[in-house]
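Below is one structure, written out as structure tokens; the observations come after it.
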Amino acid sequence: MIYYLFMRILTGIQPSGKLHWGNYFGAMKSMFDLQEKGEDMFMFIANFHAMTTVRDGETLRAATRDVALDYLACGIDPERTVMYRQSDVPEVQELAWYLSCLTPMGLLERCHSYKDKMAHGFEATHGLFAYPVLMAADILIMNSDLVPVGKDQKQHLEVTRDLAQKFNNAYGEIFKLPDAYIPETVATIPGTDGQKMSKSYHNTIELFDPSVKKKVMGIVTDSTPMEAPKEPDGNSIYELYKLFATPDEVADMAAKFRAGGYGYGHAKKALLEAYHRLFDPFRERRDELARDPAKLEDILAEGARKARAAAAPTMEKVRRAVGL
Ligand code: ADP
Ligand code: TRP
């Protein structure tokens with residue numbers, strides 16, 4: 178594992194829908210853990226990136242606010258993590274242009290995420306095509322060492338390193354080459370239908386889902402009768418339970434499944450209880466934050482101020498180097 182103490186850690190998340198259990202355990206949680214270790218933390222809401230798919234101003238504004246509330250409710254401490262909206266650091270757009278001028282078309286044409294979007298019927302826009310260049314700008318502008326992302330973003334980190342190298346070759350050593358941080362322990366979290374939980378598959382359970390009970394009870398299972406012994410490994414309910422429960426509780430559920438006489442309905446109830454134990458306090462904190470929009474604005478404004486201050490020295494060097 179490439180991991181040193183007190184590194185600049187940066188990650189971004191698109192406000193393109195309600196966050197779900199997959200996002201929490203696959204992405205958010207590692208930020209909370211790194212924050213606990215006292216790392217130099219930056220997290221931003223990638224509202225420019227979300228414009229590649231969200232086409233309504235009010236929807237984007239609301240989703241941006243929701244993501245901020247979710248992160249704050251679940252564990253981001255704005256005293257220890259600089260949390261900001263991407264659009265509050267407009268210099269990233271400027272840097273993206275400088276990087277664009279060095280980006281070979283072929284590099285972007287090879288990106289899986291773009292090809293994936295095309296395969297899913299999205300319109301081939303310049304924004305989608307240039308997405309990885311803007312992402313490289315987000316990362317490089319903050320001098321990031323480590324970028325926690327899901328496996329799907331690994332190639333974008335490779336593009337980022339490639340562009341940093343090209344820039345340095347052309348203009349001198351300005352950028353650090355950042356590494357992706359993809360914890361081995363982070364599994365792919367299954368959705369209610371057993372395949373990867375993802376908003377594109379309509380199988381998500383949102384963090385504060387008003388219909389969480391219905392969704393948990395509706396998780397697809399096989400038709401093994403209640404009395405029969407069952408193999409827990411690979412079963413979605415058991416896999417989800419592992420995320421929320423203590424090791425003893427997990428061992429207990431596995432033993433019950435293997436012994437027989439324990440049905441999927443029982444396991445779903447246990448899962449629901451474990452979810453509430455973790456998330457009810459988060460929900461309370463979220464409700465409290467949501468009641469004070471001015472406070473949220475203050476947190477984001479302070480994050481923007483710190484983020485712009487962190488970006489300024491890099492941008493000064495960059496502008497001088499490119500001839501401005
Ligand atoms: P979605 O698939 O719902 O569109 P995103 O691609 O926006 O989710 O994911 C944002 C972050 O959450 C990424 O870092 C991604 O790896 C992580 N993530 C999303 N779904 C899962 C999942 N089912 N299991 C593990 N991590 C996930
Ligand atoms: N592309 C990332 C995702 O969809 C979001 C993102 C944008 C990001 N810019 C970033 C992540 C910079 C890490 C660093 O998940």
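Numbering-wise (the working numbering), the sequence shown opens with residue 178 and increments by one. Beta carbons: idealized from backbone N, C-alpha and C, even for Gly.
Item to check | Spatial neighbours of residue 499 in its chain, beta-carbon cut-off 7 Å, leaving aside the 5 residues before and after | outcome: Locating residue 499 in the sequence shown gives position 322, counting from the first residue. These residues qualify, in order along the chain: 275 and 348.
Item to check | Beta-carbon proximity of residue 406 to residue 437, cut-off 8 Å | outcome: Translated into positions along the sequence shown, residue 406 becomes position 229. Translated into positions along the sequence shown, residue 437 becomes position 260. In contact: residue 406 and residue 437 (Cβ atoms closer than 8 Å).
Checklist entry - residue 363: which of 199, 186, 354 and 190 sits nearest, CA to CA? => result Here residue 363 refers to the residue found at position 186 of the sequence shown. It is 199.
Item to check | Cβ-based neighbour list, residue 230, same chain, cut-off 6 Å, excluding 5 preceding and 5 following | outcome: If you number the sequence shown from 1, residue 230 lands on position 53. Around residue 230, the same chain offers 193 as residues with beta carbons nearer than 6 Å, after the five sequence neighbours per side are excluded.
Next on the checklist: Judging by CA-CA distance, which residue of 441, 417 and 385 is the nearest neighbour of residue 404?
Outcome noted: Start at 1 with the first residue of the sequence shown, and residue 404 comes out as number 227. Closest option to residue 404, Cα to Cα, is 441.
Checklist entry - Should residue 191 and residue 226 be called a contact, given that it needs their Cβ atoms to be closer than 8 Å? => result To locate residue 191, count along the sequence shown from 1; it is residue 14. To locate residue 226, count along the sequence shown from 1; it is residue 49. Yes.
Checklist entry - What's the gap between the Cα of residue 216 and the Cα of residue 320? => result As a first step, residue 216 must be located in the sequence shown, where it is residue number 39. As a first step, residue 320 must be located in the sequence shown, where it is residue number 143. If you take the alpha carbons of residue 216 and residue 320, they lie about 14 Å apart.
Item to check | Among 369, 425, 337 and 478, the one whose alpha carbon lies nearest that of residue 221 | outcome: Residue numbering aside, residue 221 sits at position 44 when the sequence shown is read from its first letter. Comparing Cα positions, the closest option is 478.
Checklist entry - Per DSSP, what kind of secondary structure is residue 403 in: helix, strand or coil? => result Here residue 403 refers to the residue found at position 226 when the sequence shown is read from its first residue. If DSSP states are grouped into helix, strand and coil, residue 403 belongs with coil.
Checklist entry - Would you say residue 204 touches the ligand ADP, meaning its beta carbon is less than 7 Å from a heavy atom? => result Within the sequence shown, numbered from 1, the residue matching residue 204 stands at position 27. Indeed, a heavy atom of the ligand ADP lies less than 7 Å from the Cβ.
Item to check | C-alpha gap between residue 240 and residue 496, whole angstroms | outcome: Within the sequence shown, residue 240 is the residue found at index 63, counting from 1. Within the sequence shown, residue 496 is the residue found at index 319, counting from 1. Each residue's Cα considered, the two are about 33 Å apart.
Item to check | chain C within 8 Å of residue 424, Cβ atoms only | outcome: Judged by its chain identifiers, the structure shown contains no chain C, having just a single protein chain.
Next on the checklist: Using only CA atoms, which one of 483, 464 and 493 lies nearest to residue 242?
Outcome noted: The residue given as residue 242 occupies position 65 in the sequence shown. Nearest C-alpha to residue 242: 464.
Item to check | Secondary structure, alpha helix (DSSP H): runs of 4+ residues fully inside the region 196 to 265 | outcome: Fully enclosed alpha helix (DSSP H) runs of 4 or longer: 206 to 213, 224 to 227 and 234 to 251.
Item to check | Runs of beta strand (DSSP E) wholly within the region 344 to 431 (minimum 3 residues, chain order) | outcome: 356 to 358
Checklist entry - Are residue 277 and residue 329 closer than 8 Å when you measure CB to CB? => result Taking the first residue of the sequence shown as 1, we reach residue 277 at position 100. Taking the first residue of the sequence shown as 1, we reach residue 329 at position 152. No, the Cβ-Cβ distance between residue 277 and residue 329 is not below 8 Å.
Checklist entry - Distance, Cα to Cα, residue 474 vs residue 402? => result As a working mapping, residue 474 is identified with position 297 in the sequence shown. As a working mapping, residue 402 is identified with position 225 in the sequence shown. Roughly 53 Å between the two C-alpha positions.
Next on the checklist: So within the region 271 to 319, which uninterrupted alpha helix (DSSP H) runs reach at least 4 residues, ignoring any that extend past its ends?
Outcome noted: With a minimum length of 4 residues, the continuous alpha helix (DSSP H) runs that stay inside the region 271 to 319 are 282 to 286, 289 to 296 and 303 to 318.
Item to check | Assigned secondary structure, residue 324 (DSSP; H/G/I helix, E/B strand, else coil) | outcome: Taking the first residue of the sequence shown as 1, we reach residue 324 at position 147. Strand, per DSSP.
Checklist entry - For residue 337, which beta-bridge partners are listed by DSSP? => result On the sequence shown, residue 337 is found 160 positions in, with the first residue counted as 1. Answer is none; residue 337 lacks a bridge partner.
Next on the checklist: Any heavy atom of the ligand TRP inside 7 Å of the beta-carbon of residue 315?
Outcome noted: Position 138 of the sequence shown, counting from 1, holds the residue named residue 315. Because some heavy atom of the ligand TRP lies under 7 Å away, the Cβ of residue 315 counts as near it: yes.
Next on the checklist: Given a cut-off of 8 Å on the beta-carbon distance, is the pair residue 493 and residue 196 in contact?
Outcome noted: To locate residue 493, count along the sequence shown from 1; it is residue 316. To locate residue 196, count along the sequence shown from 1; it is residue 19. Note that the C-beta distance between residue 493 and residue 196 is not below 8 Å.
Checklist entry - Using the beta-carbon count (16 or more within 10 Å), is residue 295 buried or exposed? => result Taking the sequence shown and counting its residues from 1, one reaches residue 295 at position 118. Result: exposed.
Item to check | Beta bridge counterpart(s) of residue 189 as assigned by DSSP | outcome: Numbered from its first residue, the sequence shown carries residue 189 at position 12. Answer by DSSP bridge pairing, in chain order: 221.
Item to check | Contact the region 306 to 321 vs the region 331 to 338: 3+ CB pairs below 8 Å | outcome: Yes: the two stretches touch, three or more of their Cβ pairs being nearer than 8 Å.
Checklist entry - Would the C-beta of residue 377 count as close to the ligand ADP, meaning under 7 Å from any of its heavy atoms? => result One-based indexing of the sequence shown puts residue 377 at position 200. True, at least one ligand heavy atom lies under 7 Å from that Cβ.
Checklist entry - Near residue 300, what residues of its chain come up, given a Cβ to Cβ distance below 6 Å and the 5 sequence neighbours on each side ignored? => result Counting from one through the sequence shown, the residue named residue 300 turns up at place 123. There are no such residues.
Checklist entry - When burial is assigned at 16 or more other CB atoms within 10 Å of the CB, is residue 352 buried or exposed? => result The residue you call residue 352 lines up with position 175 of the sequence shown. Under a 10 Å Cβ-count criterion, residue 352 is classified as buried, with 16 or more other Cβ atoms of the shown protein chains found around its own Cβ.
Next on the checklist: Quick check: what's the CA-CA separation for residue 218 versus residue 211?
Outcome noted: Counting from one through the sequence shown, the residue named residue 218 turns up at place 41. Counting from one through the sequence shown, the residue named residue 211 turns up at place 34. The straight-line gap from Cα to Cα measures roughly 8 Å.
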